[in-house]
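First comes the structure, then the notes that go with it.
In this note's numbering, the protein residues as written are 5 to 78.
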């Protein structure tokens with residue numbers, strides 16, 4: 005008998021991000037440049053993209069609403 009599909013979720017490591025994590029990846033108060041530019045922190049950005057593709061990064065709809073209020077590239 006095979007395991008139910010839901011069981012796979014419990015074997016997967018998930019990361020729940022709040023808006024401050026996302027905002028700080030792109031911009032830091034007072035800096036004239038992004039604190040984690042893709043060309044310098046390629047491994048970080050590749051890992052984030054991988055986790056997104058694998059469905060391992062989750063968030064609450066409130067985070068999306070907070071980010072949408074901003075007037076920047078995020």
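Note that the Cβ used here is the ideal one computed from N, Cα and C, for glycine as well. Remember, it's a predicted structure, so these values are computed and weren't measured experimentally.
- By the CB criterion at 7 angstroms, residue 71 and residue 24 fall outside the cutoff.
- Secondary structure of residue 62 (DSSP, three-state): strand.
- Within a 10 Å sphere around the beta-carbon of residue 78 sit fewer than 16 other beta-carbons, which makes this residue exposed.
- Under the DSSP assignment, residue 25 falls in the alpha helix (DSSP H) whose first and last residues are 23-30.
- Following the DSSP letters along the chain, one finds residue 53 inside the alpha helix (DSSP H) bounded by residues 46-57.
- Residue 62 is positioned such that its CB atom lies closer than 7 angstroms to that of residue 18.
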